[in-house]
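Undergrad:
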Ligand SMILES: [Zn+2]
Ligand SMILES: [Zn+2]
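Structure, rendered in structure tokens:
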């Protein structure tokens with residue numbers, strides 16, 4: 129049995145993360161409101177970023193080899209958004225602590241994020257709170273995220289609401 133992310137009922141047969149088409153549409157709407165219509169997904173082996181519809185991430189789950197079919201992300205800002213340690217939420221095994229470059233609070237950086245930071249020197253780490261504050265004043269702000277972390281990040285967001 130799984131639990132629907134929208135209505136919180138348990139279900140057996142349903143959509144990927146929800147119990148029904150109605151809940152699925154609601155979830156897609158919320159995630160698009162939160163993450164934008166497209167999400168930037170970085171291919172781990174090459175560091176190339178792709179523009180992937182948020183809906184595809186929920187409905188299909190994007191695997192690294194699927195990324196080829198999406199356009200390259202043309203934007204240069206490099207920001208890594210990390211969950212604050214104070215949130216006491218899910219932590220990817222092997223994560224290390226770093227600091228938000230804006231407010232200085234400790235955040236978790238997952239092993240895959242370390243690799244991306246290694247390949248992209250000068251990347252900025254932001255905690256989720258500062259990232260949201262940034263997004264509010266900058267419509268072009270985009271999330272630098274990592275394929276295997278996508279689903280977890282989306283789940284974290286839903287759980288933290
Ligand atoms: Zn539901
Ligand atoms: Zn911060």
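Numbering (this note's numbering), first residue to last: 129 to 289. Glycine residues also receive a C-beta, built at the ideal position from the N, C-alpha and C atoms.
At 3 residues or longer, and completely inside the segment 142 to 211: list those beta strand (DSSP E) runs for me, N to C.
TA: 166 to 170, 177 to 181 and 207 to 210
Undergrad: Report whether the distance from the Cβ of residue 220 to the nearest heavy atom of ligand 1 is below 7 Å.
TA: Within the chain shown, the letter at position 92 stands for residue 220. No, since every heavy atom of ligand 1 falls outside the 7 Å radius drawn around the Cβ of residue 220.
Undergrad: Output needed for residue 201: all residues of its chain with C-beta closer than 7 Å, excluding positions within five of it in sequence on either side, in chain order.
TA: On the chain shown, position 73 is the one that residue 201 refers to. Correct list, in chain order: 168, 177, 178 and 179.
Undergrad: Taking just the CA atoms, how far does residue 147 sit from residue 153?
TA: Mapped onto the chain shown, residue 153 falls at position 25. Mapped onto the chain shown, residue 147 falls at position 19. For residue 153 and residue 147, the distance between alpha carbons rounds to 11 Å.
Undergrad: Out of curiosity, what's the CA-to-CA distance linking residue 134 and residue 149?
TA: Walking along the chain shown from the start, residue 134 turns up at place 6. Walking along the chain shown from the start, residue 149 turns up at place 21. In a straight line, the C-alpha of residue 134 is about 11 Å away from that of residue 149.
Undergrad: Could one say the Cβ of residue 151 lies closer than 8 Å to chain D's Cβ atoms, at least one of them?
TA: Among the protein chains of the structure shown there is no chain D, as only one such chain exists.
Undergrad: Run the proximity test for residue 215: is its beta-carbon closer than 7 Å to any non-hydrogen atom belonging to ligand 2?
TA: Mapped onto the chain shown, residue 215 falls at position 87. It does not: the Cβ of residue 215 is nowhere closer than 7 Å to a heavy atom of ligand 2.
Undergrad: At a cut of 8 Å, does the segment 210 to 221 reach the segment 186 to 195 through at least three beta carbon pairs?
TA: The count of Cβ pairs closer than 8 Å, one atom from the segment 210 to 221 and one from the segment 186 to 195, stays below three, leaving the stretches out of contact.
Undergrad: Could you tell me whether any non-hydrogen atom of ligand 2 is closer than 7 Å to the CB of residue 228?
TA: As a position in the chain shown, residue 228 is number 100, starting the count at 1. It does: the Cβ of residue 228 is within 7 Å (strictly closer) of some heavy atom of ligand 2.
Undergrad: In chain order, what residues of the same chain have a beta carbon less than 8 Å from the beta carbon of residue 151, not counting five sequence neighbours either side?
TA: Here residue 151 refers to the residue found at position 23 of the chain shown. Only 132, 133, 134, 135, 142 and 143 meet the Cβ criterion.
Undergrad: Output the residues surrounding ligand 1, defined as those with a CB atom closer than 6 Å to any ligand heavy atom, in chain order.
TA: 132, 134, 135, 137, 146, 147, 148 and 151
Undergrad: Look at the alpha carbon of residue 138 and the alpha carbon of residue 145, and state the distance between them as a whole number of angstroms.
TA: Locating residue 138 in the chain shown gives position 10, where the first residue counts as 1. Locating residue 145 in the chain shown gives position 17, where the first residue counts as 1. So the two alpha carbons sit approximately 11 Å from each other.
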